[in-house]
Structures are given as structure tokens and as C-alpha cells.
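J.: Protein chains in written order, with the working numbering: chain W, 1 to 116; chain C, 117 to 228. Glycine included, every Cβ here is placed at the ideal spot set by N, Cα and C.
Put into C-alpha cells, the structure is as follows:
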């Protein structure tokens with residue numbers, strides 16, 4: 001079974017530029033997450049989708065970050081304009097419906113963003 | 117106050133040692149608890165879930181103390197391959213859609 005796919009793997013931009021990340025979850029997984037992981041910290045949820053609807057975006061800096069999952073499958077996260085403090089690894093994860101409270105989130109390899 | 121607090125370490129132990137990690141969580145309504153493992157420059161992967169009665173998976177034992185809101189992970193007979201960061205994870209509320217909160221991770225290095 002293919003895992004969560006993300007691209008690009010690395011991105012270097014200058015501050016005030018825009019950047020977009022793409023994620024394709026595991027086939028059939030209805031729930032998709034975007035996390036931000038700053039060096040030395042644990043992942044922090046930015047946004048959670050259930051199919052193509054937003055479940056939780058309370059920690060998404062909406063003045064500069066946006067995300068969509070239009071057809072309920074793959075998703076795009078955008079930052080516009082980027083700031084130095086956005087340098088981090090952006091992780092996408094997905095989860096299926098089985099297992100209830102204990103079902104596992106599967107993470108993609110992440111996109112490492114450096115803002116100069 | 118952070119949802120999940122962990123001692124970041126680092127822990128440096130010889131092969132064969134026993135090492136224990138602890139974390140505390142702030143939301144008493146939490147019902148799901150996990151340990152994830154993250155290798156350097158890799159994504160987190162589920163190591164094990166933590167059940168109320170405690171559970172064991174080979175050399176790994178996880179314990180939960182709901183009264184103290186405290187979770188532990190014990191690794192026996194450490195291997196070089198155990199070197200990684202261990203993330204304590206709590207689901208924020210009793211719902212399958214509840215957000216996962218990650219601790220900052222505890223770094224473990226096992227040396228020969």
C-alpha cells in the first residue's frame with residue numbers, strides 16, 4: 001500500500017515570497033492533516049480536513065496560510081507571504097475510519113521549508 | 117500551559133540499558149494516548165498506543181496514570197536502532213476527530 005505522498009521535499013525561498021505544498025493521502029483515507037514542525041519541537045496541527053470539509057483550523061495563521069482539499073483527496077497548503085519564522089518541516093498525515101479513538105495517523109515524509 | 121509536556125533529554129545510554137521516558141498532559145478529558153517515534157529527518161511513526169491497563173510490545177512497556185495525568189514509556193535491553201526521538205501524543209478529546217497534541221519529544225541515543 002502506498003503511503004502519504006508529499007512534494008516538494010525541500011524548498012528554499014526568500015521572505016515575502018509565496019510557496020505551496022502538495023499532499024496525496026493514503027487511498028481511501030477521509031481525514032487529512034497538515035502539521036508544522038519547527039526544529040526541536042513536536043508537530044503542531046495547522047488544519048484538519050474530513051473529506052473536503054474543514055474540521056479544525058483554529059491554529060492556522062489565516063492571514064498568510066491557506067489550505068484546500070477540493071475533491072476530498074489530495075490537498076494543497078499555501079503560505080503567502082512567507083516569514084522567517086515559517087521555516088519548518090510541513091507534514092501531511094492521513095487517517096482512515098477504522099479503529100475508533102485508537103486508529104493511526106500516517107505521516108508523509110514532509111516538506112522542509114527554509115525562508116531566508 | 118502546554119497540552120503535553122516532555123523532558124527533551126537527551127538521554128545517552130549504553131546498549132542493553134533500560135531507559136524510561138515520562139510525559140504529563142493537561143486535559144483530563146483525553147482518552148487516547150500514544151507514543152510515536154521519529155528518526156532524524158524522518159516523519160513520525162506510531163510506536164504504540166497506551167491503554168489504561170498498561171501494555172507491552174516486546175522490549176517496550178507503556179503505562180498510563182489517569183489520576184496523575186502521566187504517561188510513561190520503558191525500553192528494556194536498548195539497541196542501537198532505538199536511537200530516535202520519542203514523541204508523547206494525546207488526543208485532545210474523546211472523539212475520533214479530536215486533535216492530536218504532540219510533546220516536543222525526548223531524544224534517545226544508544227551507544228555501543
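Going by DSSP, what residues sit across from residue 215 of chain C in a beta bridge?
T.: For the purposes of this step, residue 215 of chain C is taken as the residue at position 99 of the second chain. Paired residues: none, contrary to the question.
J.: Using the beta-carbon count (16 or more within 10 Å), is residue 173 of chain C buried or exposed?
T.: Position 57 of the second chain holds residue 173 of chain C. It is exposed - the Cβ of residue 173 of chain C has fewer than 16 other Cβ atoms within 10 Å.
J.: Do residue 198 of chain C and residue 226 of chain C have their beta-carbon atoms positioned less than 8 Å apart in this structure?
T.: Taking the first residue of the second chain as position 1, residue 226 of chain C is located at position 110. Taking the first residue of the second chain as position 1, residue 198 of chain C is located at position 82. Yes, these two residues count as a Cβ contact at 8 Å.
J.: Distance, Cα to Cα, residue 148 of chain C vs residue 21 of chain W?
T.: Within the second chain, the letter at position 32 stands for residue 148 of chain C. Within the first chain, the letter at position 21 stands for residue 21 of chain W. Rounded to whole angstroms, residue 148 of chain C to residue 21 of chain W spans 30 Å at the Cα level.
J.: What's the gap between the Cα of residue 150 of chain C and the Cα of residue 200 of chain C?
T.: Working through the second chain from its first residue, we reach residue 150 of chain C at position 34. Working through the second chain from its first residue, we reach residue 200 of chain C at position 84. In a straight line, the C-alpha of residue 150 of chain C is about 16 Å away from that of residue 200 of chain C.
J.: Should residue 160 of chain C be flagged as near chain W, meaning a C-beta pair shorter than 8 Å?
T.: As a position in the second chain, residue 160 of chain C is number 44, starting the count at 1. Yes, its Cβ sits closer than 8 Å to a Cβ of chain W.
J.: Using the Cα positions of residue 219 of chain C and residue 159 of chain C, report the straight-line distance between them to the nearest angstrom.
T.: Along the second chain, one-based indexing puts residue 219 of chain C at 103. Along the second chain, one-based indexing puts residue 159 of chain C at 43. C-alpha separation (whole angstroms): 15 Å.
J.: Against chain C, which members of the stretch 28-48 of chain W pass a CB distance test of less than 9 Å?
T.: 31, 33, 35, 37, 40, 41, 42, 43, 44, 45 and 48
J.: List the residues that DSSP assigns as beta-bridge partners of residue 207 of chain C.
T.: Along the second chain, read from residue 1 onward, the residue named residue 207 of chain C stands at position 91. DSSP output for residue 207 of chain C lists C:216 as bridge partner(s).
J.: If I'm right that residue 52 of chain W touches residue 83 of chain W with Cβ under 8 Å, what's the distance once you round it to whole angstroms?
T.: The count along the first chain starts at 1 and reaches residue 52 of chain W at position 52. The count along the first chain starts at 1 and reaches residue 83 of chain W at position 83. Rounded, the Cβ-Cβ distance is 28 Å, inconsistent with contact.
J.: In the DSSP assignment, find the unbroken beta strand (DSSP E) run with residue 129 of chain C in it and report its ends.
T.: As a working note, residue 129 of chain C is residue 13 in the second chain. It spans 127-130 - the beta strand (DSSP E) in which residue 129 of chain C sits, taken as one unbroken run.
J.: I need the DSSP call for residue 173 of chain C, collapsed to helix, strand or coil.
T.: Mapped onto the second chain, residue 173 of chain C falls at position 57. It is a strand residue.
J.: In or out: residue 86 of chain W buried (at least 16 other Cβ within 10 Å) or exposed?
T.: By one-based count along the first chain, residue 86 of chain W stands at place 86. With 16 or more other Cβ atoms within 10 Å, it is buried.
J.: Got a sec? Which residues, its chain only, sit under 8 Å from residue 15 of chain W by beta carbon, not counting five neighbours each side?
T.: Against the first chain, residue 15 of chain W aligns to sequence position 15. Closer than 8 Å at the Cβ level, and outside the excluded window around residue 15 of chain W, lie 81, 82, 83, 84, 115 and 116.
J.: Report the rounded CA-to-CA distance for residue 24 of chain W versus residue 35 of chain W, giving the unit in angstroms.
T.: The residue given as residue 24 of chain W occupies position 24 in the first chain. The residue given as residue 35 of chain W occupies position 35 in the first chain. One C-alpha to the other measures close to 14 Å.
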